[in-house]
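Take a look at the structure set out below.
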Ligand code: ADP
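In this note's numbering, the protein residues as written are 7 to 703.
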């Protein structure tokens, strides 16, 4: 029995002990798990510490990077600063932490307009009164999220004080330069006016002297006087023009003009110089070019005169050719010569101001070295360009390319149809022969060119189809006549001789020499077409060439007209009154605007003869021409006069602004000094016909 109790106890003990052992085991297991977790947590903490350290390190690096940039950074929560970097705090002479939490602002002294950037950012510049003085800061302002979800305004700025100071200095320097340039052009305009006034006197007096019928020797002196005076005037004009283009003051006009007429005038103006040197001058206008253009005729004439003038000046043998052709929607002007040429490395530099080449003593005459500079500036002003090409020793070619603007009323070019014609052109001239041939070919005619009499004879013998012959007198007197005979013998009725104006005077009657007519060189397209088509209008060739000398008798359209001349310069006044008297007028001189006004009043009141015209110098003492014109117009209004007295402003400055001022003052026209005789004559002719109105010269 006792043994069973012990067994039971042992069992119960065992039953009790067994679960306790499990718990211990479990506990033991739990403890080691915890240990592992703690270890891993410690590892995590270490990792996190590492990462924190790395973050702090990179933040520090970024901070030092930002500070090194010198950018100013500030963040505000509304007006309160929540972050400021060292550079920003330095503006206040404070540390970063001193600013945080404050609402400090720097006084603004100036600002520039705000610019909106992409992404909602804004940029603006302001001048601030900082601890270190005035500073211009350029800011970029953006909205950034704050740590607690609120939106902060962040400004990042850069000190641009140095840049602004540079800009200010530039603006100041530019203003100074502009003022100096303006002063320069004002000075030049005044000086040129002062030059022009006495020159006007010299040239005009030379004209009057010519009219008094001087003997041959005196006439030579007067001609020399005129030539020198004109050269000086051209020089003054060159300098003034250059100054105007330089100062951006040159105004281009856009008016319809006759291109053929323009080119022909240029060629005719330059022809005497070319003839005097024994060189050829030829002009050619492609027949398909519109006859009328819209543009600034006077400035284009200046370009042509400069280029052709140079070509004639520098060419000693051979010739000069001016040709106008169409190249798409551009007008191409070519001025070619057989002169000394230009070295390749100077082809560009000669367009600079005061650039001149040394062509040696034999070649060239004095100039300003401004001509080509003006040409280039004018061409560019017109939207075009000019270039030079050359082979040294063989000549130079200047090409101007300009936008082509044909006048809307430009008539279709009238080109005759001469398909049945075969023209033999006999000329040793390199340019004229080529140009004439081109002009004739556009009619559909066949053209053969012969450079010598022998070649011409051979062609006459060989080609029975030849219907007309053009013989250049440059071949020589006898050879030309010989060819006329040969043409007649070949049964060719039309045989024209091409004569220079000088040769025309010496040649005698072309008909007697066996020619059917003549043409004056440089040959005008219109004349060529007219003369060659002569067989349709028989007898016209006997009437004289287009270049035949005009009658030298002085026209007197002013007979019976009284003209008032208001001019303070005695010589100019004498010149104007004498010129008017030569045109048949009675001239009355007034020394200034007030005297002129008194004379007009007297004439209106019937106390003096009625006036037909008043020429009013713009610049006069006591009362200017413009004030005088205004006074006359208001007097007319007061008196209720139906007809107004034609008033013409006379001025050395005839820019668009000057003209506008003259018209605004009530003038009817504006003439340039030296007084343009032709314009004056046109006025007198209109007045004598009683049709003066809104006449412009
Ligand atoms: P200028 O003729 O008054 O000297 P430009 O500006 O018109 O001044 O010309 C500048 C220079 O270019 C001339 O002095 C001359 O040396 C050179 N030049 C101009 N045109 C020609 C030409 N057709 N042939 C040779 N040289 C020329």
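In this text, a Cβ means the ideal position worked out from N, Cα and C, and glycines have one as well.
Distance CB(residue i)-CB(residue j) smaller than 8 Å
i           : j           : result
residue 618 : residue 686 : no
residue 680 : residue 210 : yes
residue 652 : residue 674 : yes
residue 328 : residue 341 : yes
residue 374 : residue 244 : yes
residue 442 : residue 476 : yes
residue 214 : residue 584 : yes
residue 145 : residue 156 : no
residue 593 : residue 620 : no
residue 105 : residue 95  : yes
residue 573 : residue 579 : yes
Residues that residue i bridges to, as DSSP identifies them
i           : result
residue 340 : 329, 405
residue 262 : 300
residue 188 : The partner list for residue 188 (beta bridge, DSSP) is empty, contrary to what the question assumes.
residue 705 : The chain is shown only over 7 to 703; residue 705 falls outside these bounds and no answer can be derived.
residue 139 : 136
residue 396 : 402
residue 595 : 571
residue 289 : 328
residue 146 : 129, 162
residue 524 : 503
residue 89  : 81
residue 579 : In the DSSP output, where bridge partners are listed per residue, residue 579 has none listed.
residue 657 : 678
residue 477 : 432, 503
Residue i to residue j span [Cα, whole Å]
i           : j           : result
residue 93  : residue 124 : 26 Å
residue 482 : residue 298 : 37 Å
residue 571 : residue 208 : 19 Å
residue 167 : residue 102 : 23 Å
residue 591 : residue 568 : 6 Å
residue 403 : residue 182 : 41 Å
residue 705 : residue 87  : Not covered by the structure: residue 705. The range shown for the chain is 7 to 703.
residue 509 : residue 386 : 40 Å
residue 663 : residue 500 : 54 Å
residue 648 : residue 642 : 8 Å
residue 635 : residue 671 : 6 Å
residue 559 : residue 384 : Residue confidence for residue 559 is low, a pLDDT of 41 falling below 50, so the modelled location carries little weight; the figure read from the coordinates is stated next. About 39 Å.
residue 188 : residue 363 : 31 Å
residue 661 : residue 193 : 16 Å
residue 142 : residue 165 : 6 Å
residue 445 : residue 227 : 41 Å
residue 190 : residue 249 : 8 Å
residue 225 : residue 507 : 20 Å
Backbone secondary structure at residue i - three-state DSSP
i           : result
residue 497 : coil
residue 279 : helix
residue 562 : coil
residue 54  : helix
residue 82  : strand
residue 322 : coil
residue 375 : coil
residue 231 : helix
residue 36  : helix
residue 194 : helix
residue 710 : Here the chain comprises residues numbered 7 to 703, so residue 710 is not present and cannot be evaluated.
residue 631 : helix
residue 620 : strand
residue 606 : helix
residue 116 : strand
residue 157 : strand
residue 61  : helix
residue 410 : coil
residue 205 : helix
residue 491 : helix
Neighbourhood of residue i by C-beta, 8 Å cutoff - its chain only, sequence neighbours within 5 removed
i           : result
residue 528 : 270, 273, 274, 277, 287, 288, 289, 438
residue 616 : 568, 609
residue 332 : 292, 294, 295, 338, 410
Residues of its chain near residue i, where Cβ-Cβ distance is below 6 Å and the 5 sequence neighbours each way are ignored
i           : result
residue 239 : 205
residue 339 : 330, 406
residue 117 : 132
residue 170 : 142
residue 318 : 276, 279, 280, 326
Chain-order list of residues whose beta-carbon lies under 7 Å from that of residue i (same chain, five-residue window excluded)
i           : result
residue 140 : 115, 133
8 Å Cβ cutoff, residue i in contact with chain C
i           : result
residue 113 : Absence of chain C from the displayed structure is noted, only one protein chain being present.
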